[in-house]
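Asker:
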Amino acid sequence: MAQALVKHLAALRMEVEHLDGRTSIEPYCGGVFTIFGHGNVAGLGEALAAERDHLRTYRAHNEQTMTHAAIAFAKAQFRQRIMAVSTSIGPGATNMVTAAAVAHVNRLPVLLLPGDVFATRRPDPVLQQIESFGQGDVSASDCFRPVTRYFDRLTRPEHILTALPRAIQTMTDPANCGPACLSLPQDVQAMAFDCPEDFLNPGVLRFRRPPADERELANAIALLRGAKCPLIVAGGGVLYSQAWVALRAFVETHGVPVVESHGGKSSLPWDHPLNLGAIGVDGVSWANEMAREADVVFAVGTRLQDFTTGSHALFPQAQLLSLNVQPYDAGKWSGTALVADARVGLGQLETGLAGWAADAAWTDRAKQQAAAANARITELTTNVPKDMLPYDAEVIGAVRDSATELGLDSGQHDVALCAAGTLPAELHKLWRASLPGNYHMEYGYSCMGYEVAGGLGVKMARPDQESIVLVGDGSYMMANSELATSVMLGQKIIVVVLDNRGYGCIQRLQTATGSPAFNNLLDDCVPEGGERSSIDFAMHARSMGADAVHVKDVAELKAAMVKARQARRTQVIVIDTTHTRTTDGGCWWEVAIPEVSGRAGVREAHERYTQAQRLQRL
Numbered sequence: 001m002a003q004a005l006v007k008h009l010a011a012l013r014m015e016v017e018h019l020d021g022r023t024s025i026e027p028y029c030g031g032v033f034t035i036f037g038h039g040n041v042a043g044l045g046e047a048l049a050a051e052r053d054h055l056r057t058y059r060a061h062n063e064q065t066m067t068h069a070a071i072a073f074a075k076a077q078f079r080q081r082i083m084a085v086s087t088s089i090g091p092g093a094t095n096m097v098t099a100a101a102v103a104h105v106n107r108l109p110v111l112l113l114p115g116d117v118f119a120t121r122r123p124d125p126v127l128q129q130i131e132s133f134g135q136g137d138v139s140a141s142d143c144f145r146p147v148t149r150y151f152d153r154l155t156r157p158e159h160i161l162t163a164l165p166r167a168i169q170t171m172t173d174p175a176n177c178g179p180a181c182l183s184l185p186q187d188v189q190a191m192a193f194d195c196p197e198d199f200l201n202p203g204v205l206r207f208r209r210p211p212a213d214e215r216e217l218a219n220a221i222a223l224l225r226g227a228k229c230p231l232i233v234a235g236g237g238v239l240y241s242q243a244w245v246a247l248r249a250f251v252e253t254h255g256v257p258v259v260e261s262h263g264g265k266s267s268l269p270w271d272h273p274l275n276l277g278a279i280g281v282d283g284v285s286w287a288n289e290m291a292r293e294a295d296v297v298f299a300v301g302t303r304l305q306d307f308t309t310g311s312h313a314l315f316p317q318a319q320l321l322s323l324n325v326q327p328y329d330a331g332k333w334s335g336t337a338l339v340a341d342a343r344v345g346l347g348q349l350e351t352g353l354a355g356w357a358a359d360a361a362w363t364d365r366a367k368q369q370a371a372a373a374n375a376r377i378t379e380l381t382t383n384v385p386k387d388m389l390p391y392d393a394e395v396i397g398a399v400r401d402s403a404t405e406l407g408l409d410s411g412q413h414d415v416a417l418c419a420a421g422t423l424p425a426e427l428h429k430l431w432r433a434s435l436p437g438n439y440h441m442e443y444g445y446s447c448m449g450y451e452v453a454g455g456l457g458v459k460m461a462r463p464d465q466e467s468i469v470l471v472g473d474g475s476y477m478m479a480n481s482e483l484a485t486s487v488m489l490g491q492k493i494i495v496v497v498l499d500n501r502g503y504g505c506i507q508r509l510q511t512a513t514g515s516p517a518f519n520n521l522l523d524d525c526v527p528e529g530g531e532r533s534s535i536d537f538a539m540h541a542r543s544m545g546a547d548a549v550h551v552k553d554v555a556e557l558k559a560a561m562v563k564a565r566q567a568r569r570t571q572v573i574v575i576d577t578t579h580t581r582t583t584d585g586g587c588w589w590e591v592a593i594p595e596v597s598g599r600a601g602v603r604e605a606h607e608r609y610t611q612a613q614r615l616q617r618l
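Here full-length UniProt numbering is used: the first residue of the sequence shown is 1, the next is one more, and so on.
Now the structure itself:
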């Protein structure tokens, strides 16, 4: 059975669309990350060894982070290709559950292949088996059920004939795309069966592009035709549909300004005259201002989560139109739904919108705002402080501008990656991406520890670009083992560690809600008899095989980045930073405040909270 699974994966091909518009037939599965244990080494391991020339196997250091790398690979490929991940039965399998949730929330494909306990139950309980006193068929793999789009436990070898195609169908479905899990009992992996030859020679995969329903299309056209001050919110669906050309044509034809969610950032080049940049809780002031005044908000490929919508208080005045391939997302918040592929849907709209355009004053204002915004971003990212530690904006500027020293355009050459902490807000506002996918943010689940592994996955997917990981010290400490994997595999990444000595972002939220600073910064967490933290991140990175340096200021950072770009192996640059953040922009975010507290600050925060709730779109 394991041989049939591996041979099928090795033979699968996908018709892939490239940034330049070309198409080619590529292997659908980019390889298998695995850490072997007794639950997968004899069955799946033997099969992978036999097919190593046709399907690469990569050994990692942690099951969660190797899955993050696989997820980042798929995201960087706009969901057109995947990687598979395999583990043994017990803790190896459950280590993948967090990463499965990352893929589930972000609608990203990854094939999870955890080992499972014996289907025969002869050695029951086997090593690492979880025993349920009330359910005889439960194992650790059942943890994957709520965080995968497709789950199957194969208790017969011939089950692979239907289970694997269904898993692939899920991962290639534009509406239901997400992680698929095939739980593989270790005895079933090793069982023989008569496998049809056509299973080992599958056809070429191609993505569907569903068009819009005629009635929904007519409603959408009518709504847009009545709009004077429309605003497009570009989400990740624009990128996954590869609809950036269609979006640009729509924007320029009709004079509609665009704002971008984390998932949609890089849908338009940063310097497009109608790209207002980041929207939402960590959006820029000029984008949020336009959102508050728009009469129609046209959400394209976004699931309208709370950071994008200011907990649904940012644009309650506007009529909402949602173009989304997933009906669940298109129908949110009682808006007008247009269920279709983003690229196809934008094209269909053009026919009915001939001659329509946003008010000229609205379009002109957006262009003025965008031009002023770019000047402000330059100011924020090049205003290097003297005699004080830098904050994230200056670091971002130094990373970006280091490319210029080598005659490169960082917006085209670099993929900037992050996931959690203060940096997502700063990058959302300040990073400049010229090409689709050159901003890679895992902010659906905002999983600390995604960053280093994600950088590895991006490099494997885009070997000709620099994969630059910007990560705080807290998130770096969560998971960094794939730094060693990147060295081992010869996949160079650049990691910039911003050390503000703790969980600075969450401490700001803590104090903003009226609570005292507590249990977040390292120096505040030392009990009597304990020792202050003195982690040497550069030394740690060197011990993992990377080249690493601790720089003292932004000038040294920029110089180190120039050298890092010229290097051939993984580079780590550490810089001490403050807890300051960019105050331009932002909007309310609903975080529940205690109704009862002995602290005056908490009571005041609760009063502000209840007032803000009145602005929500319900």
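In this text, a Cβ means the ideal position worked out from N, Cα and C, and glycines have one as well.
At 3 residues or longer, and completely inside the stretch 456-487: list those beta strand (DSSP E) runs for me, N to C.
Answerer: 466-472
Asker: Can you list, in chain order, the residues of its chain whose CB lies under 6 Å from that of HIS312, leaving out five sequence neighbours each side?
Answerer: Position 312 of the sequence shown, counting from 1, holds the residue named residue 312. Correct list, in chain order: GLN616 and ARG617.
Asker: Under 8 Å between the Cβ atoms of PRO273 and LYS367?
Answerer: If you number the sequence shown from 1, residue 273 lands on position 273. If you number the sequence shown from 1, residue 367 lands on position 367. Yes, they are a contact pair.
Asker: For GLY335, which residues from the same chain have a beta carbon less than 7 Å from its beta carbon, with the 5 sequence-adjacent residues on both sides left out?
Answerer: As a first step, residue 335 is located in the sequence shown; it is residue number 335 there, counting from the start. Around GLY335: LEU320, LEU321 and SER322.
Asker: The beta strand (DSSP E) with ALA548 in it runs from where to where?
Answerer: Reading the sequence shown from its first residue, position 548 is the one you call residue 548. Where ALA548 is concerned, the enclosing beta strand (DSSP E) stretches over 547-551.
Asker: Would you list, in sequence order, the uninterrupted beta strand (DSSP E) runs of no fewer than 3 residues that lie entirely inside the stretch 236-285?
Answerer: 258-260 and 275-278
Asker: Please report the straight-line C-alpha distance between SER261 and GLU289, rounded to a whole angstrom.
Answerer: Translated into the one-based positions of the sequence shown, residue 261 becomes position 261. Translated into the one-based positions of the sequence shown, residue 289 becomes position 289. Cα-Cα distance, rounded: 15 Å.
Asker: Using 8 Å as the threshold, is the C-beta distance between GLY421 and SER475 below it?
Answerer: Here residue 421 is taken as the residue at index 421 of the sequence shown, counted from 1. Here residue 475 is taken as the residue at index 475 of the sequence shown, counted from 1. A contact, by the Cβ cut-off of 8 Å.
Asker: Could you name the residues that DSSP lists as bridge partners for PHE298?
Answerer: In the sequence shown, residue 298 corresponds to position 298, counting from 1. Bridge partners of PHE298: ILE232 and LEU321.
Asker: DSSP has PHE151 in a bridge; who is on the other side?
Answerer: Here residue 151 refers to the residue found at position 151 when the sequence shown is read from its first residue. Beta-bridge pairing by DSSP links PHE151 to CYS181.
Asker: Inspect the CB distances between the stretch 75-89 and the stretch 147-155 and report whether three or more fall short of 8 Å.
Answerer: no
Asker: With contact counted as at least three CB pairs below 8 Å, one residue from each stretch, are the stretch 581-596 and the stretch 553-570 in contact?
Answerer: At 8 Å Cβ cutoff, the stretches do not touch.
Asker: Near ALA99, which residues of its chain fall below 7 Å by C-beta distance, leaving aside the five closest residues on each side in sequence?
Answerer: Indexing the sequence shown from 1 puts residue 99 at position 99. If we look at ALA99 and ignore the five residues flanking it on each side, its Cβ neighbours are GLN64, THR67, HIS68 and ILE71.
Asker: Is the CB-CB distance between ARG292 and LEU314 below 8 Å?
Answerer: Taking the sequence shown and counting its residues from 1, the one referred to as residue 292 is at position 292. Taking the sequence shown and counting its residues from 1, the one referred to as residue 314 is at position 314. Yes, these two residues count as a Cβ contact at 8 Å.
Asker: Determine the DSSP secondary structure at CYS447, reduced to helix, strand or coil.
Answerer: As a position in the sequence shown, residue 447 is number 447, starting the count at 1. If DSSP states are grouped into helix, strand and coil, CYS447 belongs with coil.
Asker: Name the residue from TRP244, TYR240, ALA393 and ALA560 whose alpha carbon lies nearest to the alpha carbon of residue 661.
Answerer: This structure does not reach residue 661, given that the chain is present from 1 up to 618, and the question cannot be answered.
Asker: Let's test the definition: count the other Cβ atoms within 10 Å of the Cβ of ARG532 and tell me whether it reaches 16, buried, or not, exposed.
Answerer: The residue you call residue 532 lines up with position 532 of the sequence shown. Classification of ARG532: exposed, given that the 10 Å Cβ count is below 16.
Asker: In the DSSP output, which residue or residues are listed as bridge partners for GLY115?
Answerer: Counting from 1 along the sequence shown, the entry for residue 115 is found at position 115. LEU184.
Asker: Out of curiosity, what's the CA-to-CA distance linking GLY454 and GLY598?
Answerer: As a first step, residue 454 is located in the sequence shown; it is residue number 454 there, counting from the start. As a first step, residue 598 is located in the sequence shown; it is residue number 598 there, counting from the start. Near 43 Å, if we compare the C-alpha coordinates of GLY598 and GLY454.
Asker: Is it the case that the Cβ atoms of ALA419 and GLU405 are separated by a distance below 8 Å?
Answerer: Residue numbering aside, residue 419 sits at position 419 when the sequence shown is read from its first letter. Residue numbering aside, residue 405 sits at position 405 when the sequence shown is read from its first letter. Contact: no.
Asker: At a threshold of 7 Å, does VAL238 count as lining the ligand NAP (C-beta to nearest heavy atom)?
Answerer: Ligands in the displayed structure: none, and consequently the ligand NAP is not present.
Asker: Thinking just about the alpha-carbon of each residue, which of HIS54, VAL233 and LEU389 is nearest to the one in PHE250?
Answerer: Position 250 of the sequence shown, counted from the start, is the residue given in the question as residue 250. Ranking the options by Cα distance to PHE250, first place goes to VAL233.
Asker: Report the rounded CA-to-CA distance for PHE118 versus VAL126, giving the unit in angstroms.
Answerer: Residue mapping note: residue 118 aligns to position 118 of the sequence shown, counting from 1. Residue mapping note: residue 126 aligns to position 126 of the sequence shown, counting from 1. Cα to Cα, PHE118 sits roughly 8 Å from VAL126.
Asker: Measure the Cβ-Cβ separation of ARG180 and LEU111 and say whether it is below 8 Å.
Answerer: The residue given as residue 180 occupies position 180 in the sequence shown. The residue given as residue 111 occupies position 111 in the sequence shown. First, the amino acid is wrong: residue 180 is Ala here, not Arg. Result yes, Cβ atoms of ALA180 and LEU111 sit closer than 8 Å.
Asker: Could you check whether the stretch 1-10 touches the stretch 195-214, counting it as contact only if at least three pairs of C-beta atoms, one from each stretch, sit closer than 8 Å?
Answerer: yes
Asker: According to DSSP, is ASP213 part of a helix, a strand, or is it coil?
Answerer: Sequence index remark: in the sequence shown, residue 213 carries index 213 (1-based). Residue state for ASP213 is assigned as coil, using DSSP reduced to three classes.
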